[in-house]
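First up is the structure itself, then whatever we jot down about it.
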Amino acid sequence: MALFSPQREGLAATLSKPGDFLDWEHAFRIQAERLDLQQYLKRKTFLRDKPALPDIRKRKYTKTAQAQRTIRSETQESQESSQDDIQETANGTWVVSDLTEQGQKTFQQDLAFYQLEERIFTDEKKALGTLKDWVLRTVSPSFIRTCCQPHESIYEWHHNLRARCGRSEADETRDARNRYLTLLKTAPKTTSQAIQWLDKWEEALAKGQQRKVPETLYCSSWAYDFFNISSNILPAWTAAYEISQQSLIQDEALIYRDLANAFRNKLQNAEAANSQGSIRGRIARGVFSASFAGEDPQDDKGDAHIIEGQYRSTKKRGRKTKRQRSPDGQEKCPACGLPHVLEKCFYVYPNLAWKGFRPRGRLQTKVKEALEEDLDLQAQVKALTRKRPKIPSQPTKEEELDQ
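The opening residue of the sequence shown carries number 1 in the UniProt record's numbering; numbering runs sequentially from there.
As structure tokens, then:
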């Protein structure tokens with residue numbers, strides 16, 4: 001079995017132990033699809049018989065009156081004669097000119113059909129030979145000896161190899177389902193983990209759909225499974241994406257690759273920011289604005305005003321989270337841009353303003369537009385609304401200057 005040489009030929013998939021079967025079978029099916037031999041994997045099918053060249057001696061190819069005089073007596077027409085009976089000539093062999101006009105027409109039609117059948121036969125024989133050669137190159141000699149006999153079809157080879165490796169259709173379906181469900185229980189916590197998780201999720205979902213796993217067949221199911229994970233990483237992006245794609249989800253028209261690519265692009269942006277030192281450690285929840293597959297990313301200016309780490313820290317309790325600061329070290333409000341924290345912004349919480357406070361028209365307009373358009377700011381305001389600070393009776397000198 002010198003054909004088995006995966007290292008020399010650089011083959012991507014080989015079958016030398018039962019654990020290799022799934023990857024090998026995937027490559028095997030790709031080869032069968034490429035060679036247009038899918039029908040040979042669905043049932044026990046052998047190569048069709050080689051077509052036969054039309055025989056000019058047959059009675060259905062009518063002979064001219066002159067040629068009929070040369071027909072041997074033992075092949076003369078009788079009452080029990082059929083169109084496929086052979087007529088021999090005393091002159092040796094028949095030629096096309098011995099046929100009538102109708103006989104020549106029938107013969108030419110059969111000859112053209114024969115040439116077509118022969119071409120199909122030759123192509124299928126070559127394709128089957130190519131696929132069998134691929135199997136012999138990728139399967140170990142011990143498996144070949146026990147599973148691939150010369151007289152067997154390619155269907156039987158595949159079936160025997162599957163049985164030898166202890167794999168059944170039910171086993172593969174169960175494994176595909178377990179792999180998908182396991183991924184949903186292992187939520188990533190950082191950008192690098194999320195990118196790795198996303199690659200595995202795409203692969204698990206594709207395999208699940210191939211094996212008809214129920215949880216992977218309908219986007220109204222797998223999309224919300226995905227959102228449950230992505231909301232732990234990019235909550236604002238997830239909420240915006242879910243709203244924008246709601247009609248596609250309801251129509252079962254959302255494509256998982258589009259969803260994965262949109263999420264991957266946002267994660268890669270975060271990863272790039274990490275490498276530049278603008279984001280450290282865990283992903284700050286709600287830091288990213290939404291952008292989707294096939295659309296221009298939203299203006300990133302809103303991100304510059306968002307409080308980094310506004311949610312509870314996963315480290316020590318009571319530790320203060322980092323806030324965005326201006327170049328001079330002062331903390332800036334993500335809504336109005338003034339040097340104070342968001343929860344003390346009178347433009348966002350006008351009920352907190354002291355008596356006599358006069359808002360600036362330009363800042364009011366700026367904050368109003370930000371609250372309408374910036375999803376991340378909306379999320380922060382909503383979170384802070386649940387725990388509003390008490391209304392101050394008198395402004396401090398510093399606060400009066402800030403506002």
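Every residue, glycine too, gets a C-beta built ideally from N, C-alpha and C.
This structure is a prediction, so every number in the text was calculated from the model and none was measured.
Non-local beta-carbon contacts of Trp134 in its own chain, meaning distances under 8 Å to residues more than five positions away in sequence, involve Phe28 and Gln31 in chain order.
The alpha-carbon separation between Arg57 and Gln38 amounts to approximately 39 Å. Approximately 6 Å separates the beta-carbon atoms of Glu242 and Phe227; this is inside 8 Å, confirming the contact.
When the Cα atoms are used, Pro359 and Val213 turn out to be separated by approximately 59 Å. Residues of the same chain with a CB within less than 6 Å of the CB of Leu375, apart from the 5 flanking positions on each side, are Ala236 and Ala240 in chain order.
For Ser230, same chain residues with a beta-carbon under 7 Å away, outside a window of 5 residues either side, are Thr238 and Phe263 in chain order. Our two residues, Thr64 and Gln104, have alpha carbons roughly 10 Å apart in a direct line.
Beyond the five residues adjoining it in sequence on each side, Lys366 comes within less than 7 Å, by CB distance, of Cys336 in the same chain, given in chain order.
For Lys207, the enclosing alpha helix (DSSP H) covers residues Thr191 to Gln210. Of the residues Glu88, Ala379, Lys266 and Lys44, the one whose Cα lies closest to the Cα of Ser192 is Lys266. Boundaries of the alpha helix (DSSP H) around Ser220: Cys219 to Ser230.
Here Asp23 is exposed, its C-beta having fewer than 16 other C-beta atoms within 10 Å. Judged by beta-carbon spacing, Ser221 lies beyond the 9 Å limit of Gln250, meaning their Cβ atoms are not closer than that value. Taking C-beta atoms as the reference points, Trp197 and Leu183 count as a pair closer than 9 Å. When the beta-carbon positions are compared, Phe21 and Pro54 stay at least 9 Å from each other. Inside the segment 103-185, DSSP marks whole alpha helix (DSSP H) runs of 4 or more residues at positions 141-147, 154-164 and 169-184, from first to last along the chain.
In the DSSP assignment, Lys63 is bridged to Leu99. Distance between Asn269 and Ala194, taken at the CA atoms: about 12 Å. DSSP lists no beta-bridge partner residue for Ile243.
Per the Cβ contact rule, the segment 155-168 is not in contact with the segment 200-208 (fewer than 3 Cβ pairs under 8 Å). Lys126 and Lys132 have their C-alpha atoms roughly 10 Å apart.
The C-alpha of Leu35 is placed about 18 Å away from the C-alpha of Glu156. By the C-beta density criterion, His158 is buried, having at least 16 other C-beta atoms within 10 angstroms. Ranking Thr190, Arg59, Leu217 and Asp199 by CA distance to the CA of Thr100 puts Arg59 first. The three-state reading of DSSP puts Glu252 in coil, since its state is none of H, G, I, E or B.
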